[in-house]
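> Starting off with a structure, shown below.
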Amino acid sequence: MAIVKPFSAIRPAASVAKQVAALPYDVYNRKEAYEVVSKNPLSFLAIDRAETQFDDFVSMYDKCVYEKARDLLHERINDGTFFVDPDQCYYIYEQTMNGRTQTGIVACCSIDDYTDGTILRHENTRAEKELDRIRHVDTCSAQTGPIFLAYRANDVIRTVVAKQKTTAPIYDFVSDDQIHHVVWKVSDHTDIQTLESAFASIPHTYIADGHHRAASAVHVGLERRKRVPNYTGKEQFNYFLSVLFPDDELLILPYNRVVKDLAGLTTEVFLSTLCKHFLVTAKPDAVVPSQKGHFGMFLNNQWYELELLPEFFSDDPIKGLDVSLLDDYILTPILKVGDLRTDKRIGFIGGIRGTKELERRCHEDMTVAFSMYPTSIQELFAVADHKQLMPPKSTWFEPKLRSGLFIHSIL
């Protein structure tokens, strides 16, 4: 049973929602974040990445950076940029990219659902990345970035969403990257009860994106329980900000790979070695795989299609993933790539950047690139259901959720 509850959001005034809404904090490096905030001081990146308010010599992990984030949040509440919505409610958040729409429910999920496995994960987290968000959430006493959750589509939820979409939205804007964002507030008491009951009938929800944000929010909640030994479970720190999407509306793009060298092999030896497991065909144009077990490869200004031979496929939920097949038959045994999380010889390119970015990297600082067939949402569910973890960088979801449209206070 999934606990998915309404909440009182801190959110921007409609007149500034477009300016405030920002891509997730972790898609930018420090220089890029600074440039965004310099052009648009109202961008939520100013709070999510408060090092943008300091000179470069100040560490982005300095205590004063987190305190600045807290102070900026309070300032923007006081000056009317943000306000506290007095209603305990859900919100419906619709995003449209290239004519395809996905619609999520903005709500709060239980940290107990995370710890007991009702909310399922498919990735490991890194302690140093968690620590940054732990300090941000704890200092601000607020969760500023929503966790992207998925659930198996439910007709009851779909009916309420369709009904709410006939009402006037509270936000409606097109962001600079041409994503159309529309938000409706669900304040009807009956609809709120219907949604809460519908989610309670769903056995599991799944973290699609935001594993570090989720782990950090849970960590802070558990620590605050220690400070409040007589906690009731109703305190806001027992919940974390989420947007939940039905599985049949989600798009996963490939997470492509680039490798710095051929591990000492000549091109000829490398290609002949690949032929032990793949049918290798030179192609005149960029290869975008159209089915499982097919890979594109760019090497020495030439594209190839790699088709895994049938006897090497696997029905195992992990070993059968295309990212695992690439790792098991090319990256590890031939190119000698080590731990995907730490090996400096490999890089990962989100599918939104296309094959031109793979070519550019091979011309600049890498030797070989691989275009991937995307992991499916059903593969993600299968891995999570088996309590297993995917290899790093297995999924790239688009469009990205915007931060700053909804903030959850944990005071």
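Letter by letter, the sequence shown follows residues -15 to 395 in our numbering.
Positions of the beta carbon are idealized from the N, C-alpha and C atoms, including for glycine.
Since the model is a prediction, treat every value here as computed from it, not as a measurement.
Mind checking which residues open and close the alpha helix (DSSP H) that includes residue 48?
Your numbering for residue 48 matches position 64 in the sequence shown. 47 to 62 is the span of the alpha helix (DSSP H), which, as asked, contains residue 48.
> Suppose you measure from the CA of residue 270 to the CA of residue 42; what does that come to, to the nearest Å?
In the sequence shown, residue 270 corresponds to position 286, counting from 1. In the sequence shown, residue 42 corresponds to position 58, counting from 1. Distance between the alpha carbons of residue 270 and residue 42: 43 Å.
> Quick check on this structure: which residue in 347, 132 and 221 has the alpha carbon closest to the alpha carbon of residue 361?
Along the sequence shown, read from residue 1 onward, the residue named residue 361 stands at position 377. For residue 361, the nearest C-alpha among the options comes from 132.
> Flag this pair as yes or no: are the beta carbons of residue 200 and residue 118 separated by less than 7 Å?
The residue given as residue 200 occupies position 216 in the sequence shown. The residue given as residue 118 occupies position 134 in the sequence shown. Closer than 7 Å, so yes.
> Using alpha carbons as the reference points, say which of 11, 320, 189 and 272 lies closest to residue 101.
The residue you call residue 101 lines up with position 117 of the sequence shown. Nearest of 11, 320, 189 and 272 to residue 101, Cα basis: 189.
> Near residue 202, what residues of its chain come up, given a Cβ to Cβ distance below 8 Å and the 5 sequence neighbours on each side ignored?
Position 218 of the sequence shown holds residue 202. So the qualifying residues of the chain are 95, 98, 99 and 224.
> At 3 residues or longer, what runs of the beta strand (DSSP E) sit wholly inside the stretch 144 to 227?
155 to 158, 164 to 170 and 189 to 193, all fully within the stretch 144 to 227.
> Please state whether the Cβ-Cβ distance between residue 194 and residue 387 is less than 7 Å.
Here residue 194 is taken as the residue at index 210 of the sequence shown, counted from 1. Here residue 387 is taken as the residue at index 403 of the sequence shown, counted from 1. No. Outside cutoff.
> What residues in its chain sit with their C-beta under 6 Å from that of residue 66, if we drop five residues either side in the sequence?
Residue 66 sits at position 82 when you count from the first residue of the sequence shown. Cβ within range, chain order: -6, -4 and 60.
> Pull the bridge partners of residue -5 from the DSSP assignment, please.
Locating residue -5 in the sequence shown gives position 11, where the first residue counts as 1. Partner(s): 67.
> Here's the rule: buried if 16 or more other CB atoms are within 10 angstroms of the residue's CB, otherwise exposed. What is residue 62?
By 1-based counting over the sequence shown, the position of residue 62 is 78. Exposed, by the Cβ-count rule.
> In terms of alpha-carbon separation, which member of 267, 313 and 389 lies closest to residue 287?
The residue given as residue 287 occupies position 303 in the sequence shown. Among 267, 313 and 389, the Cα nearest to that of residue 287 is on 267.
> Would a C-beta distance cut-off of 7 Å place residue 33 and residue 9 closer than the cut-off?
Counting from one through the sequence shown, the residue named residue 33 turns up at place 49. Counting from one through the sequence shown, the residue named residue 9 turns up at place 25. A contact, by the Cβ cut-off of 7 Å.
> Which term fits residue 86, buried or exposed, when burial requires 16 or more other beta carbons within 10 angstroms of its beta carbon?
Taking the first residue of the sequence shown as position 1, residue 86 is located at position 102. By the 10 Å Cβ count, residue 86 comes out buried.
> Output needed for residue 255: all residues of its chain with C-beta closer than 7 Å, excluding positions within five of it in sequence on either side, in chain order.
Translated into positions along the sequence shown, residue 255 becomes position 271. If we look at residue 255 and ignore the five residues flanking it on each side, its Cβ neighbours are 264.
> For residue 21, which of helix, strand or coil comes out of DSSP?
Residue mapping note: residue 21 aligns to position 37 of the sequence shown, counting from 1. Three-state DSSP puts residue 21 in a helix.
> Using 8 Å as the Cβ pair cut-off and three pairs as the minimum, do the stretch 348 to 359 and the stretch 278 to 286 touch?
The stretch 348 to 359, when compared against the stretch 278 to 286, does touch it at the 8 Å Cβ threshold.
> Considering Cα atoms alone, identify which of 370, 148 and 58 is closest to residue 124.
Within the sequence shown, the letter at position 140 stands for residue 124. For residue 124, the nearest C-alpha among the options comes from 58.
> Three or more C-beta pairs closer than 8 Å, one from the stretch 363 to 379 and one from the stretch 140 to 150: is that the case here?
Touching, no.
> Taking only runs that begin and end inside the stretch 333 to 373, name each unbroken alpha helix (DSSP H) of 4 or more residues, in chain order.
Listed in chain order, they are 338 to 348 and 361 to 369.
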